[in-house]
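Shown next, in structure tokens, is the structure this report addresses.
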Ligand SMILES: Nc1ncnc2c1ncn2[C@@H]1O[C@H](COP(=O)(O)OP(=O)(O)OP(=O)(O)O)[C@@H](O)[C@H]1O
Ligand SMILES: [Mg+2]
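Chains as they are written, first to last, in my numbering: chain A, 1081 to 1314; chain B, 29 to 1064.
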């Protein structure tokens, strides 16, 4: 089976004025369809860079990236937008909800531009926010906001769900709940989920664990002993 | 800014967010430029003219007295402490004729010494009393070297008597401080329209007294300033007293003189009356004597006549007797001569018989017979002897008869002589009689002559006395009427140029009060939002700096420096540009209407300070307020992300049927629009402001460019007007014939300039009083502003043009007072207001005018040339007719007026450019803020996969909606602003219609949107540059 996601010798160099920073040196990995993949690494290792490139938010310097057999790295601007629109869902550390929209509207914002979206209310119910649908983000707690963000990503019914430190701004318990939601989503809908974290403990719940270090893949392994989030302590 | 790193950070901020920095700079520059530029324009204009007036010692008081002024009075006034200069001056109005035969009404002035100086433009000042300096802004086109002649034909030209010469040579041209704008006032002489002024040496005037005294007070107060008017009000009573007293004294003297003269005349009259009477009486006595003599003569004459008749009768009797005697004598003479004849014949017969006897006797003797012996012979002899005796007897009888006769004849002859003497006596008496009859007749004739003479003399006497009495009575009446003279102490406000400048510059002042506040308000709002946003954006930075131990002051300083420096740069730029550009552009059209003066730019430290303070308040002050909030918070709180402005439902959501119909993204836009109140208000304000400005600017153009054609195509539709010297109170015969011959339709009227009294001020207005209003509509369409009909004025009523209502507060139902230059007044009830754009007109019937003034003449006419005729040929033809003074071709006028108005295009351009600037800066800045504020949100939707166009419409839709709302509001504001501006832009004699062409509304909106789209284009680049990865990475 060909890999669902594939990075081939991806190199990323940031140019700021005179300075060149090599964020990714030579990154290659694969992720299978429907996998729950965790990317770990030290701060500044290049995790976010990988995710951004994968999500079509950033371009690469050299190498190529494939999703479901399509070369993402070869897409032009417009195609990249369409790619983000139809194929990818994002969850950020700081939620990035549109403050002026209610929870439900935030979900609808994403859903309404997709070809085959899920029902916004239904999705929110799935993430346990049936009662808070008409609240504005400011009226929600961080965890609730993050769940809205996840619902927003899910409602797009993407092929790939990318989460960059989704629990970074959350307390332990809430973080766990969010992770559980992601894991359940992956399991139940067979969606490919990539989660970035620098918490090694979380690798236990992943199907695949990719470790990044200084712009390189240090290791990539499949988890033989997948645990439920509930049972992981950190 | 004591910390190096902070300074560096500040500079980097500026570089890094130059668009924001620039926005602050631009809006401050715009606001300050507009504010200071408009504010400084009036002072600059006033300084320009004020300096000129100061330099020329423009008068403060002008003293007029019905009896004029004397040198002594001038001298007296010079002693007054508040007087700097006092000068007597001559002035008069006169009609002049140029070499090419044009008639020009001129205001004559004597050359000033100090007060009301003139400034020579060309040539030199007059040196001889027949030289003059003419108006440099001459509408009559008189050049140096031209000769102008005082018209003698012109009926009421007082210049004729006021001047020593009839002909003057123009030796120079000048501008006068008495005439700083183009208006030259009105005159009661000639056509009434004054063409210009003429300055002559005082010696050129043939007047015994000064017509006015000018006073320059010892003040240097700025024109129109409170300081100046305060001072004037302070010294006015003093000068009123002086004028009153001085004039009173002169009056008393003149009155005394006149009174003395009358008394003298009266005494003389009395004397003459007595003398004359006495003379008449003498003559009468003489006449009466003569009458008696004549009567006597007549009796004598008739006596003598009777005597003659009696004697004639006697003579006739004597004559009869004589004739009888004569007849008797003659018959006796005849008898005598008969008897003599008979005697003779008897003698002869006897003699013959004797002879025969003697012969017979001889024969007998011869025969010897003695004859004596023959008997027969003796018988015959005896017979003969008897017969001889008989004859002798007869002869003696006859002889006695003859002597008797001779005695009778002598007697007769004696009587005849007596008779002849009598006849000759009578003839003598008769001759004498006829002589004395002739004498008597002569005496009678003389008498009747004497009588007639006497009657004449008496009549003459009576007449002369009556005349003299009347004269005295007249003089007395005049003296009675020679009341205390009206004395006027006039200040500068009656000088047309001076008061026009006040109102003209007032327009700009008005505008400068309203517009700039608007700009400043927008500038403050822009700064506030911008800086508020910047400070908010920098929360974390502030927190970090605080945590690092920097004091609030230095942190605040960083932001205050940022906005303050932007504002300072903007302020200086704006001030420099504004105070140069605005006065420059606005002075352009005024320069055409005022005497050519170089505009003096004014630097007002106060204004500069205010501009700077306001700029700093708008920027740094606002920054300080925003900062204070932030710096008060703890470092930790600052570093925590601040909750973004919470989402809220808007009222529209409650209106389900609208809300539900909106697309999802539209809902988002609606919510966003109302989410940021400040931005919403600002955007609406800014956009509506610029739309309003645009509409005003474009509307100004409509009003300005359209008014000439409106005036001359829709209102004053006559082809021309002609003014003439009235003949028998109306159109001169020749002109009338000419017009009829050419087929020109015309309507005679009175046309003249009067002063409208309003408040304590006067304003020149034009009066037209047509002979009849029946056909008036063929020449002037009288309608109200909405195009409705207006009734023509009846007796003692008038209708006035819109401008008079608007500017001088005259309303329908008011009674207005108009005064001509002879101080004759018209009081008229206003019964209507008609639409009119050029000149201030008052219409009334000619009967009303004549009735109120007592006397007036038709001196002009409206003319309509026959269809298809050549106007200039008509002009030439009609000008040739005698009595024609002036022809105004209205079509030519139309072009001239519209050309003049083109100068206002500059102002319009300034307004449009300002509007464009405002629109651009506001929209640019707000969009900029909007985007900066929502980078994360925009990045988010980009991440969500919104296409480029979707992203920009997500953001820009709000702009479109806000712009649409602002533009809509702006149109409403613009209508009012335009109305206000039009009502304030009072270019004298011209009033614009409040009219905005439909296309201007559209254009204003389109332009507003164009600015918005231009800004959007700029912003699109910014949108594209938003880096999703970076924007979303952190909270900041
Ligand atoms: N926009 C950028 N410009 C320049 N360098 C960048 C930029 N973004 C990331 N980098 C650099 O690339 C490298 C990788 O960064 P990246 O954000 O991928 O790290 P990360 O593994 O996600 O770290 P963390 O766990 O702290 O989030 C870093 O050394 C960073 O300094
Ligand atoms: Mg990262």
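By construction, the Cβ of each residue, glycine as well, lies at the ideal position given by its N, Cα and C atoms.
Within a 10 Å sphere around the beta-carbon of residue 366 of chain B sit fewer than 16 other beta-carbons, which makes this residue exposed. Look at residue 1147 of chain A here: in three-state DSSP terms it is strand.
Distance from the CA atom of residue 1119 of chain A to the CA atom of residue 716 of chain B, rounded to whole angstroms, is 54 Å.
Within the model, the alpha-carbon separation for residue 489 of chain B versus residue 477 of chain B is close to 17 Å. Here DSSP, grouped into helix, strand and coil, assigns residue 776 of chain B to strand. If you check the CB distance, residue 1106 of chain A and residue 1091 of chain A come in under 9 Å. When secondary structure is reduced to three states using DSSP, residue 830 of chain B falls in the helix class. When C-beta distances to chain A are compared with 8 Å, every residue of the region 560-579 of chain B stays at or above that value.
At a cut-off of 3 residues, the continuous stretches assigned as beta strand (DSSP E) that sit fully inside the region 1198-1246 of chain A are 1240-1244.
Beta-bridge annotation (DSSP): residue 891 of chain B is paired with B:748, B:774.
In the displayed model, residue 109 of chain B falls within coil according to three-state DSSP, outside both helix and strand.
Annotation for residue 701 of chain B: no beta strand (DSSP E) segment contains it, though the alpha helix (DSSP H) segment containing it runs 692-703. Taking C-beta atoms as the reference points, residue 1006 of chain B and residue 723 of chain B count as a pair closer than 9 Å. In this structure, the alpha-carbon of residue 885 of chain B lies about 5 Å from that of residue 757 of chain B. Secondary structure note for residue 869 of chain B: its beta strand (DSSP E) is the uninterrupted segment 869-871. Not one heavy atom of ligand 1 lies closer than 8 Å to the C-beta of residue 733 of chain B. Legend: CB atoms of the region 965-995 of chain B lying less than 8 Å from CB atoms of chain A belong to residues 965, 967, 968, 969, 970, 971, 972, 973, 974, 975, 976, 978. Residue-level contact check: residue 1178 of chain A touches chain B, since one or more beta carbons of chain B fall below 9 Å from its beta carbon. Contact note: residue 692 of chain B reaches chain A through 1185, 1188, 1189, 1192, using a C-beta cutoff of 8 Å and chain order.
When DSSP assignments are scanned along the region 708-760 of chain B, the uninterrupted stretches of beta strand (DSSP E) that are 3 or more residues long and fall wholly within it turn out to be 748-752.
For residue 226 of chain B, same chain residues with a beta-carbon under 6 Å away, outside a window of 5 residues either side, are 134, 136, 160, 162 in chain order.
Of all residues, those with a beta-carbon under 6 Å from at least one heavy atom of ligand 1 are A:1094, A:1096, A:1101, A:1103, A:1121, A:1123, A:1124, A:1125, A:1126, A:1127, A:1128, A:1129, A:1278, B:1058, reported in chain order. Residue 894 of chain B and residue 888 of chain B have their C-alpha atoms spaced approximately 19 Å apart. Residue 1128 of chain A belongs to the set of residues whose beta carbon lies under 9 Å from a beta carbon in chain B. Shortest gap from the CB of residue 1276 of chain A to any heavy atom of ligand 2: under 8 Å. The DSSP-derived three-state label of residue 154 of chain B is coil.
DSSP places residue 432 of chain B in the uninterrupted alpha helix (DSSP H) bounded by 403-509. For residue 1244 of chain A, the shortest separation between its Cβ and any heavy atom of ligand 2 lies below 8 Å.
If you check each beta-carbon in the region 1262-1275 of chain A against every beta-carbon of chain B, none falls closer than 9 Å. Excluding five sequence positions before and after residue 798 of chain B, the CB atoms of its chain that fall closer than 7 Å to its own CB belong to 775, 777, 804, 874, given in chain order. Within chain B, the residues whose beta carbon sits less than 7 Å from that of residue 1170 of chain A are 971, listed in sequence order. Annotation: residue 980 of chain B to residue 1176 of chain A spans about 19 Å, alpha carbon to alpha carbon. Residue 146 of chain B sits in a strand when the DSSP states are folded into three classes.
For chain A, none of the residues of the region 57-74 of chain B brings a beta carbon within less than 7 Å of one of its beta carbons. Between residue 53 of chain B and residue 597 of chain B the beta-carbon gap is near 5 Å, inside 8 Å, which marks them as a contact. Closest option to residue 1231 of chain A, judged by alpha-carbon separation, among A:1252, A:1215, A:1249, A:1265: A:1265.
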